[in-house]
Structures are given as C-alpha cells and as structure tokens.
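**Student:** For any residue, its number in my numbering is found by taking its place in the sequence shown, counting from 1, and adding 5. Note that beta-carbon positions come from the ideal geometry of N, C-alpha and C, so glycine has one too. The structure that follows is given in the form of structure tokens.
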Amino acid sequence: LGTVLANEEVQGGVSERGGHPVVRIPLKQWMLRITAYADRLESDLAELDWPASIKKLQSDWIGRSTGAEVDFYIGEAGKFETWKVARQKSGFPRKAGDDVLRVYTTRPDTLFGATYMVISPEHPLVSRLAVGAQKQAVTDYCTEAAKKSDLDRTELAKKKSGVFTGSYAVNPVNGEQIPIWIADYVLISYGTGAIMAVAAHDERDYEFAVQYNLPIRQVVAAKKSKDDTASAEGAFSGEGIAVNSGSYDGLPTAEFKTRIAADLTSSGVGRAAVNYKLRDWLFSRQRFWGEPFPILHELDRAGNPTGAIVAVSPSELPVPLPELEDFKPIGRPEPPLEKAPHEWLYVERNGKRYKRETNTMPQWAGSCWYFLRYIDPTNKERLIDPELEKAWMPVDLYIGGAEHAVLHLLYSRFWHKVLFDRGHVSLPEPFMKLVNQGMILGEMEFTGYRKEEGGFLSSAEVRMDEAGQPVNKVTGAKVTAVKIPVEQVEKQGDQFVLSSNSKIRVDSRAYKMSKSRGNVVNPDEVVREYGADSLRLYEMFMGPLEATKPWSTTGVNGVRGFLDRVWRMIVSDRSEQLELNPAVQKEHATTDQLRMLHKTIASVTHDIETLSFNTAIAKMMEFTNYFTKQDVRPYEVMEQFVLLVSPFAPHFAEELWQLLGHFGSLASEPWPKLDEQYLKQDTVEIPVQVNGKLRGKVSVPAEADAKAIETAARADDRVAELLTDKTIVKVIVVPGKLINFVIR
C-alpha cells in the first residue's frame with residue numbers, strides 16, 4: 006500500500022497492522038527509488054506551463070530540503086568517548102542503534118547551539134526515555150497529544166506545550182549533556198520525529214525555551230562579531246557568521262555547513278542528507294465502492310489465513326465489485342465487502358482455498374491514470390496502445406481547480422513517471438499546460454449602516470471597533486449593519502450608493518456560495534428560465550477565466566438578450582413560420598462587410614486560443630450590432646458567423662445552421678477561414694493634438710508618412726485656426742497613432 010514497515014511488523018508476507026499484503030524491497034533500494042521520484046517531481050516543474058502558485062504548492066508539498074542526520078548519544082552513562090571512538094572506526098550506520106537519538110537538521114551549522122532536544126509523542130523511544138517521576142507526566146501528555154490533528158499541533162498552536170522526559174542526550178560536537186523533552190509541535194511524519202532545539206535560531210524552539218525557561222545560546226551572528234548575544238525579542242534564523250562554535254568560529258554559514266558535514270561524516274556521528282515532506286497518501290479504504298485489490302489470501306483447512314498471498318492472474322482483471330443487497334455497516338471492523346456472496350469472496354486455485362482482499366482502492370486510484378485509459382478504453386491486452394498514446398499524449402491543456410494541486414495533480418505526475426520508467430508511456434509528464442478557473446461567487450450583497458437615531462450613515466464614515474462592531478468614525482457611536490435590497494442601490498463611479506440619497510455610500514461584497522448564506526444559485530432554475538446556452542454563454546462572459554467573479558442574474562438576462570438579437574438578425578420575427586429574415590440574402594458581401602467578418606474571425610479565433618472567452622463574446626456582440634443595421638446581410642457571412650457562435654452556444658447555433666439550409670451538424674464543419682487582406686485598412690483616423698491636448702481628428706491613408714499626416718492636420722480648419730499667428734516649436738508625429746503640434 007506504499008507504506009514502509011519494520012521487519013517485526015511483517016508475518017508471513019502480510020502486515021501485522023491489518024493483514025495487508027507486503028512486498029519485500031531492501032530499504033536502501035526503496036529510499037533511493039522514492040528519493041529519485043521526488044527529485045524528478047520537483048525538477049520537472051520548471052518545464053511545465055503551470056501557474057507559479059500551483060508550482061509552489063507542489064514544491065512545498067514535496068518539501069525537499071538538504072541538511073544532515075546527526076546521532077546524539079543516549080547510551081550507557083560514561084561511555085560517550087568510547088562510543089565516539091567506535092563510531093569513527095565503523096562510520097555512520099544506516100540504521101540508528103538503541104544508543105542514539107537521531108535527528109535531521111537543515112542547519113548543521115547550529116549544532117553548538119543545541120541546548121535541549123525534543124521528540125514527538127509518537128516516537129518509539131518515548132517509553133524508554135521517560136524515567137522516574139516523569140513517567141506519568143509523559144504518559145498523560147502523550148494521551149492528550151493523540152487527540153490533536155497535525156494542523157492543531159503545528160499551524161494552529163498559539164502556545165507551545167511539552168514535558169521533560171527525565172533523560173539526557175550528549176551533543177556529539179561538544180560533549181554537553183542536554184535534556185530531552187516531548188512536545189507535540191514535533192511530528193513523527195517529518196524527519197526522524199526528533200529535533201535538536203536551537204532556541205536562538207528557530208522561532209518555535211525559541212518560544213518553547215522561553216516558556217519553560219530553557220537555555221538560549223547564540224551561535225550565528227548577523228555580523229562578524231563574537232560579542233553578539235541572542236536576541237531577547239526572538240530567534241535569528243538567517244545566515245551569518247559562526248560564534249560560540251569552537252574551531253568553527255568566524256566561518257560564514259555556507260562554508261560552516263560544508264565543513265561540519267564533512268567532519269560529521271569522518272567522525273561517524275553524522276552525514277549529509279536530503280529530506281522530503283511528501284505525504285504517504287493512504288491507499289486502502291474500508292468501503293464498498295472503489296476498485297477491489299486483485300489480491301487473494303490463502304486459507305488453511307479451518308478457514309484461517311496462512312499469511313501467504315497471491316495476485317490474481319492478468320486474465321481475471323479487472324476484478325468486478327459483487328452485487329450486494331444492502332450497504333449497511335456489518336457491526337464489525339471488517340469492510341462492507343465481507344458481506345459479499347461466497348462465490349465472489351472465496352475462490353480456489355490449484356487445490357487451495359483463498360479469500361479475496363475486501364478493502365478497496367480509493368477514488369483517486371483511477372484519477373491518477375484514467376486519462377490514459379480514455380484513449381484506448383477497449384484494449385484487453387495492455388493499458389494503452391503505444392501508437393495511440395504517442396498520438397494523444399501529453400494533455401495539451403488541463404483546466405481544473407487549484408484545490409487539486411497537491412493531490413490529484415501531483416500524484417498523477419508521480420504515477421505517470423512510474424509508467425514512463427516501466428515503458429507504458431512515452432513522456433514523463435502528463436499535463437503540459439494548466440489553467441485554474443476562477444470561482445463564481447454568489448450575487449453581490451449590499452450593506453448599509455443605520456444610526457441609532459434613524460437614517461443611514463455613509464460607509465466611508467464607519468469603522469470597526471475592537472469587538473468587530475461597526476461604529477461612527479468620529480463619535481464612536483454604534484451603528485447597525487443592515488442588508489440593502491439591490492433595487493435600492495445604484496452605481497456611482499466605482500462605488501454603490503442609495504438610490505434615494507446618493508451621498509450615502511453602501512458596502513458591496515460577493516461571498517462564496519453556501520447553503521448557510523442562502524446565496525446558492527441552482528443552475529437548473531437558470532436553464533429553465535433562460536436556456537442552457539444562455540447559462541453557458543454568461544459564465545464565459547462574466548470575466549477572465551482565471552478570475553473570481555460574482556454571479557448576477559441580471560447579467561444572464563443581458564446575455565439572453567444578445568442571443569435574441571442574433572436570432573432576429575438571421576430569423577424573421579414577423580413570420581408565423583420559422584424562416585430566414587428577408588435581409589439575409591445570397592448576395593456578395595461588400596468590402597466593409599467582409600472587413601467586419603474577418604476582423605471578428607481573427608479576434609474570436611485568437612481569444613478562444615488564449616481562453617479569453619469574455620472578449621470573444623464582446624467581439625461577436627460588435628458584429629451583431631453592425632449587421633443588425635445592414636439592409637442586406639449576405640448569406641455566406643451569416644453562415645460563417647454562426648460557426649463562430651457555435652462553441653459558445655452550441656444548441657442555439659445548431660438550430661440556426663439548419664434554418665440556413667444545412668442538414669448535417671455544424672460540429673463537422675471546418676472553422677471559418679481568415680482572409681488577412683481584409684484586416685488591412687485603407688485609411689486610419691489620427692488624433693491631432695496641440696500642446697498635448699486633443700483638438701481634432703483627420704483621416705489619412707493607412708500607409709501615410711509623417712509629412713503626409715502633418716499636411717492633412719494643417720488642412721483641418723479647427724487646427725489651422727489654433728496654429729494661426731503661433732510659433733510652432735516642434736511637430737511630433739507617430740505614424741498611424743497621433744500628431745502633436747508644440748506651439749508658443
């Protein structure tokens with residue numbers, strides 16, 4: 006299941022933790038494999054066209070850090086020197102022995118500043134290190150810590166808590182005895198579950214040391230001075246110069262790290278190391294739904310597991326879920342599949358009886374690779390045909406929420422690299438470009454502030470007091486926040502004000518949709534009222550795809566109005582039968598009409614490719630406004646426009662396509678072809694400025710040079726009047742953009 010177990014946790018090829026099948030892999034090989042994949046997951050992020058925020062989330066989740074593993078001696082008293090000599094001869098062992106407490110640190114340069122140690126409540130040495138009168142206190146503390154989540158113990162912990170074990174460890178670099186504490190801000194899931202506490206240079210250690218009156222010793226100075234002392238206001242976690250560190254004094258942090266890592270290795274008490282925060286994502290579920298594990302557990306004659314397991318043959322895959330009469334809990338710890346019919350649950354192979362594994366895989370087991378199976382869903386010989394995989398992969402564009410950043414997206418990449426190494430796929434990354442769509446908030450809510458004596462106070466004159474209650478900024482008098490109906494407010498510039506009194510500004514804010522706020526929009530109701538295409542079109546017109554946007558039912562009505570205008574532009578609204586508008590004729594389009602068509606094709610094509618759907622719709626609105634005023638709307642132009650509309654309002658476009666005389670679906674038609682000659686304008690309008698102020702506009706040929714533009718500008722009556730009897734100091738011409746006469 007992806008979890009590393011100690012030998013003593015394995016019996017007969019299964020885990021003692023719950024009978025899960027176990028694959029024996031040498032630990033060194035396992036760690037090298039995981040380390041290699043974690044390194045590749047992080048290094049390959051740079052090559053992906055993904056949002057920087059998602060890359061950072063994944064990098065932080067992987068949590069690669071470089072530092073050192075160091076052993077602190079906890080063996081027999083008085084034998085520390087003997088232990089050091091033995092270690093120098095044998096070197097640093099892969100597995101920590103019973104006589105040491107191993108820590109991982111990213112700052113080996115602060116070893117001389119370690120004044121106490123902390124182990125997690127789950128550390129395997131807790132019971133041994135808790136001695137004398139401290140035993141009961143340690144037991145009680147561990148019981149309380151077990152009730153907290155990792156988040157409660159780290160991110161949310163405002164006040165540190167811990168208890169002294171009664172034991173001491175010896176710091177290998179200076180021979181000092183330092184106390185060992187237990188604290189829940191140290192997690193067993195990261196590093197070794199034990200830390201050396203350097204209170205002068207770690208904020209959490211500093212807070213803990215202050216709380217329990219533990220020593221604080223500075224060993225890194227921000228400047229080259231041996232006289233600096235630890236800050237009384239907090240820990241200094243930056244790099245600097247070594248102080249109070251014996252022969253290493255005066256070394257810059259980077260050089261100190263390199264030298265002490267080498268010295269630790271040569272003395273056998275430590276070594277350079279790399280660590281990760283990559284989570285072990287629990288793979289086994291005790292429920293009915295989900296893919297069954299293709300594993301069989303051997304049974305003896307009495308029906309008890311022997312500990313031996315076998316995988317089902319490839320010809321039996323996939324293992325189907327059995328039919329169950331009900332899915333109610335069975336009142337025992339076993340999963341619901343224990344209720345499966347005997348003919349599914351028990352099988353015989355080669356004269357032996359087996360029972361199927363009744364835990365199932367989680368929902369994300371399939372989400373890590375399902376996109377590959379979609380390419381070749383009926384292949385019974387292999388995961389995917391290599392030629393089809395090369396033709397369709399990688400995914401060019403993935404649109405999804407940021408909430409999947411460190412689960413589905415990261416572990417899909419992990420699985421894909423494994424499949425790549427196994428030769429099942431041709432590239433190591435599945436998704437080349439990622440776009441996170443923004444959230445749609447509820448309708449805008451308006452809040453006004455009513456005074457105790459009556460009437461409203463402008464929101465600009467309101468502040469929140471210490472209790473978070475609104476009060477008058479000047480007098481401090483309490484005011485009451487009240488919800489204002491949308492029909493009672495109007496927009497004034499960038500603000501909203503009361504319709505009845507424009508001097509009273511109100512607060513406006515949209516909130517995340519939730520049942521508790523009562524602002525959830527039911528799409529079924531929108532579809533019934535406005536149609537599915539109106540809903541689809543409005544969601545694209547609301548704003549940039551990545552932006553968070555407030556919902557507005559009025560906006561849906563506006564988009565529906567646009568579709569109605571398109572309909573009337575092509576379909577007659579005066580006929581009792583569905584027929585084309587008389588203006589739609591099989592006539593040749595004018596140059597101006599073709600220019601409008603091809604400008605729209607160019608803009609919509611570009612905007613779709615850049616996912617700028619809102620601006621593409623705006624361009625189609627401009628097209629509709631232009632052709633609604635045309636007495637003749639060429640048939641060929643209307644055809645091309647309907648094809649442009651189809652990705653945005655497919656049902657609507659299909660109906661128009663049929664009314665234009667087509668029998669097949671427009672989905673099979675080619676995208677409108679752009680003719681770039683119609684993007685070139687014969688003339689352009691140039692703003693004319695005098696001393697930087699706009700005084701007129703002139704039309705000139707699109708290719709006009711500076712001299713021609715100046716001549717045209719001087720010929721303009723209004724400009725000529727302003728230049729009369731004036732000294733022209735300078736004429737600034739930006740061809741195709743503007744001309745400015747500087748006069749005095």
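Can the beta-carbon of histidine 302 be found closer than 8 Å to that of glutamate 343?
**Tutor:** No; because the gap between Cβ atoms is not below 8 Å, this pair is not in contact.
**Student:** As a quick exercise: from Thr120, Met601, Lys698, Ser95, pick the residue whose alpha carbon is nearest that of lysine 685.
**Tutor:** Minimum Cα distance to lysine 685 is reached at Met601.
**Student:** So, for leucine 388: in the same chain, excluding its five sequence neighbours on each side, which residues have a beta-carbon less than 6 Å away from its beta-carbon?
**Tutor:** So the qualifying residues of the chain are His429.
**Student:** Tell me the residue span of the alpha helix (DSSP H) that contains histidine 603.
**Tutor:** Where histidine 603 is concerned, the enclosing alpha helix (DSSP H) stretches over 596-614.
**Student:** At a Cβ threshold of 8 Å, is glutamate 244 touching chain B?
**Tutor:** No chain B appears in the structure shown, which is made up of a single protein chain.
**Student:** Thinking C-alpha only, which one of Ser194, Ala214, Gly196, His206 is nearest isoleucine 185?
**Tutor:** Closest by alpha carbon: Ala214.
**Student:** Please determine, among Pro310, Gly459, Glu495, the residue with the shortest C-alpha to C-alpha distance to alanine 482.
**Tutor:** Of the listed residues, the one whose Cα sits closest to alanine 482 is Gly459.
**Student:** If we count the other Cβ atoms within 10 Å of its Cβ and call it buried at 16 or more, is aspartate 710 buried or exposed?
**Tutor:** Answer is exposed; the Cβ neighbour count stays below 16.
**Student:** Does the Cβ of histidine 593 have 16 or more other Cβ atoms within 10 Å, making it buried, or fewer, making it exposed?
**Tutor:** Exposed, because fewer than 16 other Cβ atoms sit within 10 Å of the Cβ of histidine 593.
**Student:** Taking the Cβ atom as the reference point for each residue, do methionine 201 and phenylalanine 77 lie within a distance shorter than 8 Å?
**Tutor:** Yes, these two residues count as a Cβ contact at 8 Å.
**Student:** Could you check if alanine 135 belongs to the surroundings of the ligand HEM, using beta carbon to heavy atom distance under 7 Å?
**Tutor:** With respect to the ligand HEM, the structure offers nothing, as it holds no ligand at all.
**Student:** How close, in whole Å, do the beta carbons of valine 178 and phenylalanine 261 come, if the pair is a contact with beta carbons under 8 Å?
**Tutor:** At roughly 12 Å, the Cβ-Cβ gap does not stay under 8 Å, so valine 178 and phenylalanine 261 are not in contact.
**Student:** Hey, how far is the Cα of valine 175 from the Cα of isoleucine 183?
**Tutor:** In a straight line, the C-alpha of valine 175 is about 6 Å away from that of isoleucine 183.
**Student:** Would you list, in sequence order, the uninterrupted beta strand (DSSP E) runs of no fewer than 3 residues that lie entirely inside the stretch 357-427?
**Tutor:** Taking only runs of at least 3 residues, the beta strand (DSSP E) segments lying wholly in the stretch 357-427 are 357-361.
**Student:** Report the rounded CA-to-CA distance for alanine 41 versus threonine 553, giving the unit in angstroms.
**Tutor:** Roughly 38 Å between the two C-alpha positions.
**Student:** On the CB-based measure, 16 or more other CB atoms within 10 Å of its CB, does aspartate 232 come out buried or exposed?
**Tutor:** Here aspartate 232 scores only 47 on pLDDT, less than 50, and its place in the model is too uncertain to base an answer on.
**Student:** Taking the DSSP output, what are the residues bridged to serine 513?
**Tutor:** DSSP lists Phe451 as partners of serine 513.
**Student:** Between which residues of its own chain and lysine 698 is the CB-CB distance below 8 Å, once the five residues before and five after are set aside?
**Tutor:** Result list for lysine 698: empty, nothing under 8 Å.
**Student:** From Val564, Ser70, Val637, pick the residue whose C-alpha is nearest to that of leucine 585; which is it?
**Tutor:** Nearest C-alpha to leucine 585: Val637.
**Student:** How about glycine 371 and glutamate 321: are their beta carbons less than 8 Å apart?
**Tutor:** No. Outside cutoff.
**Student:** Our contact map puts valine 502 next to valine 494 with C-beta atoms below 8 Å; I'd like the distance itself, whole angstroms only.
**Tutor:** Sure, about 7 Å apart at Cβ, within 8 Å.
**Student:** Cα separation between glutamine 63 and threonine 197?
**Tutor:** Near 22 Å, if we compare the C-alpha coordinates of threonine 197 and glutamine 63.
**Student:** Under a three-way DSSP split, which group does phenylalanine 169 fall into?
**Tutor:** Phenylalanine 169 falls in the strand class under three-state DSSP.
**Student:** Which partner residues does histidine 302 have in the DSSP bridge list?
**Tutor:** Histidine 302 is bridged to Ile314, Lys360.
**Student:** So, are the CB atoms of lysine 624 and valine 609 less than 8 Å apart?
**Tutor:** Result yes, Cβ atoms of lysine 624 and valine 609 sit closer than 8 Å.
**Student:** Use the C-beta contact count for phenylalanine 653: other C-beta atoms within 10 angstroms, 16 or more gives buried, fewer gives exposed.
**Tutor:** With 16 or more other Cβ atoms within 10 Å, it is buried.
**Student:** Write down the C-beta distance between alanine 73 and proline 113 rounded to the nearest angstrom, noting that I regard them as a contact closer than 8 Å.
**Tutor:** Alanine 73 to proline 113, Cβ: 4 Å. Contact.
**Student:** For the structure I just gave you, are there three or more beta carbon pairs, one from the stretch 46-63 and one from the stretch 438-446, closer than 8 Å?
**Tutor:** Touching, per the Cβ criterion.
**Student:** My understanding is that valine 225 touches threonine 115, with C-beta atoms under 8 Å, so please give their C-beta distance in whole angstroms.
**Tutor:** With 8 Å as the limit, valine 225 and threonine 115 qualify as a contact, their Cβ atoms being about 6 Å apart.
**Student:** Can you give me the start and stop residues for the beta strand (DSSP E) that threonine 71 sits inside?
**Tutor:** Where threonine 71 is concerned, the enclosing beta strand (DSSP E) stretches over 70-78.
**Student:** Using beta-carbon positions only, say whether leucine 283 and tryptophan 66 come within less than 8 Å of one another.
**Tutor:** Yes, the pair counts as a contact, with Cβ atoms nearer than the cut-off.
**Student:** My parser needs the alpha helix (DSSP H) runs of 4 or more residues fully inside the stretch 242-306; what are they?
**Tutor:** DSSP runs (the alpha helix (DSSP H)) wholly in the stretch 242-306: 258-272.
**Student:** How is valine 105 classed by DSSP in three states: helix, strand or coil?
**Tutor:** Three-state result, valine 105: strand.
**Student:** Tell me which same chain residues have a C-beta within less than 8 Å of the C-beta of valine 642, skipping the five on either side of it?
**Tutor:** If we look at valine 642 and ignore the five residues flanking it on each side, its Cβ neighbours are Ala594, Gln598, Leu599, Leu602, Phe632.
**Student:** Rounded to whole angstroms, what's the CA-CA distance from leucine 743 to valine 689? Just pull it up for me.
**Tutor:** Distance between the alpha carbons of leucine 743 and valine 689: 10 Å.
**Student:** Assign lysine 735 to one of three DSSP states: helix, strand, or coil.
**Tutor:** Lysine 735 falls in the strand class under three-state DSSP.
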